[in-house]
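K.L.:
Dropping the structure in here first, questions after.
Numbering (mature numbering (1 follows the signal peptide of the UniProt record, and there is no 0)), first residue to last: -21 to -1, 1 to 314.
Printed below as a string of structure tokens:
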């Protein structure tokens, strides 16, 4: 490994902070639609079962330094059954007074996520806890309000670096002595979404409240504050096929407006093929499979564009999912 001057470590810290902030700004994973609660906490508990997913992303694996990311999520509804279940399982009678009341459709959502990313000697960890409250505004329309509390940690592993003179380099030794290279934050965010059985639109914050939870004495990495909007629609083309367009928009003072658009063609709620594009970053091919209305598998391949096209070496993303306590064997609204 190339040996570094210790003074360059501070520059590396700055460069990585920009890289990590950009990763959080654009999104680490291409398949954002699989984990809408991580995009907007108001989506937590939107489905009437416990949705558990695990994902893995392998990027740039033709390079010496690894760039991997993992996540595990679990989100479910608590309390009264959602209107999605009640409407599809209500007693069929002519008297409309027997249809499910709006008060019966109110429910809570609870969930969380653990995410880990490694880029060479740099590690990122994020832990989320989400809560949402869902209430109906009409027979087919629902409003959800959500909040998220998160812990994030950026860490630089100096054991993965070599300097020219580890023993006599005072700056390098001082960094090791104070434990430099770890930056921790506590974050709070809020979101709101309006949704029905076939569409959603929502807005949310990212890193709105950001408090230092213990950083080293050399510097600080602050999570970039931004604002998100999500929109999606399930358009039935015929009894066998659905078209699922969706979009994610993010705005911050540092990066301006970024967006990602996705379109997937789904066959009988069992399999889909799709395409996604993130402006000036990447294009993705998408594939998903669902069976027994309980298990799902998802895959995407990314091709980086513009200034990032030198990194088109093995950019794969995998995810698996399972629906638990799915009493009525319902599929996820927008899987």
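Glycine is no exception: its CB is placed at the ideal position from the N, C-alpha and C atoms.
1) Pull the bridge partners of residue 178 from the DSSP assignment, please.
2) Within the same chain, show all residues whose beta-carbon is closer than 7 Å to that of residue 122, passing over the 5 residues directly before and after it, in chain order.
3) So, with DSSP's three-state summary, where would you put residue 36?
4) Count the other CB atoms within 10 Å of the CB of residue 267; is the residue buried (16 or more) or exposed (fewer)?
5) Taking DSSP's pairing of strands, which residues face residue 253 in a bridge?
6) Should residue 259 go down as buried or exposed, given a rule of 16 or more other Cβ atoms within 10 Å for buried?
7) Would DSSP call residue 8 helix, strand or coil?
8) With DSSP as the reference, please indicate the residues paired to residue 54 in a beta bridge.
9) Please state whether DSSP places residue 20 in a helix, a strand or coil.
10) Apply the 10 Å Cβ neighbour rule to residue 247 and answer buried if 16 or more other Cβ atoms are within range, or exposed otherwise.
11) Name the residue from 190, 182, 101 whose alpha carbon lies nearest to the alpha carbon of residue 161.
12) In this structure, does DSSP put residue 119 in helix, strand or coil?
13) Could you spell out the range, first to last residue, of the beta strand (DSSP E) harbouring residue 223?
14) For residue 67, which residues from the same chain have a beta carbon less than 8 Å from its beta carbon, with the 5 sequence-adjacent residues on both sides left out?
15) According to DSSP, is residue 13 helix, strand or coil?
16) Between 12, 19, 7, which lies nearest to residue 171 when the distance is taken from Cα to Cα?
17) Compute the distance between the beta-carbons of residue 298 and residue 13, then report whether it is under 7 Å.
18) Bridge partners for residue 25 per DSSP, in chain order?
19) Tell me which residues share the same chain as residue 106 and place their Cβ nearer than 6 Å to its Cβ, disregarding the 5 neighbours each side in the sequence.
20) What's the call for residue 135, buried or exposed, on a 16-neighbour Cβ count within 10 Å?
21) Let's test the definition: count the other Cβ atoms within 10 Å of the Cβ of residue 257 and tell me whether it reaches 16, buried, or not, exposed.
22) Exposed or buried, residue 149, counting other C-beta atoms within 10 Å across all chains shown (16 or more means buried)?
23) Output the residue ranges of the beta strand (DSSP E) runs that lie fully inside the region 91 to 115 and measure 3 residues or longer, sorted by chain position.
P.N.:
Once the coordinates are examined:
1) The residue labelled residue 178 in the question sits at position 199 within the chain shown. Note: residue 178 sits in a beta bridge opposite 212.
2) The sequence position of residue 122 within the chain shown is 143, counting from 1. So the qualifying residues of the chain are 114, 116, 173.
3) Indexing the chain shown from 1 puts residue 36 at position 57. Reduced to three states, the DSSP call for residue 36 is strand.
4) Sequence index remark: in the chain shown, residue 267 carries index 288 (1-based). Counting C-beta atoms within 10 angstroms of its own C-beta, residue 267 has 16 or more neighbours from the protein chains shown and is therefore classed as buried.
5) As a first step, residue 253 is located in the chain shown; it is residue number 274 there, counting from the start. For residue 253, which the question treats as bridged, DSSP gives the partners 243, 265.
6) Against the chain shown, residue 259 aligns to sequence position 280. By the 10 Å Cβ count, residue 259 comes out exposed.
7) The count along the chain shown starts at 1 and reaches residue 8 at position 29. Here residue 8 sits in coil by DSSP.
8) For the purposes of this step, residue 54 is taken as the residue at position 75 of the chain shown. Looking at the DSSP assignment, residue 54 forms a beta bridge with 30, 90.
9) The residue given as residue 20 occupies position 41 in the chain shown. Judged by DSSP in its simplified three-state form, residue 20 adopts helix.
10) In the chain shown, residue 247 corresponds to position 268, counting from 1. That one is exposed.
11) The count along the chain shown starts at 1 and reaches residue 161 at position 182. Among 190, 182, 101, the Cα nearest to that of residue 161 belongs to 101.
12) The residue you call residue 119 lines up with position 140 of the chain shown. In this structure, residue 119 counts as coil in the three-state DSSP scheme.
13) What you label residue 223 is simply residue 244 of the chain shown in a count that begins at 1. Start and end: 220 to 231.
14) On the chain shown, position 88 is the one that residue 67 refers to. Reliability fails at residue 67, whose pLDDT of 49 lies under 50, so the model's placement of it is uncertain and the value that follows must be treated cautiously. Excluding positions up to five away in sequence, the list reads 307, 309.
15) Looking up residue 13 in the chain shown gives position 34. In this structure, residue 13 counts as helix in the three-state DSSP scheme.
16) Within the chain shown, residue 171 is the residue found at index 192, counting from 1. The candidate whose alpha carbon is nearest that of residue 171 is 19.
17) Position 319 of the chain shown, counted from the start, is the residue given in the question as residue 298. Position 34 of the chain shown, counted from the start, is the residue given in the question as residue 13. Yes.
18) Counting from one through the chain shown, the residue named residue 25 turns up at place 46. DSSP lists no partner for residue 25.
19) Your numbering for residue 106 matches position 127 in the chain shown. Cβ neighbours of residue 106 beyond the five flanking positions: 93, 130.
20) Looking up residue 135 in the chain shown gives position 156. Result: buried.
21) For this step, residue 257 is matched to residue 278 along the chain shown. When all chains shown are included, residue 257 counts as buried.
22) Within the chain shown, the letter at position 170 stands for residue 149. Exposed: under 16 other Cβ atoms inside 10 Å.
23) 101 to 115
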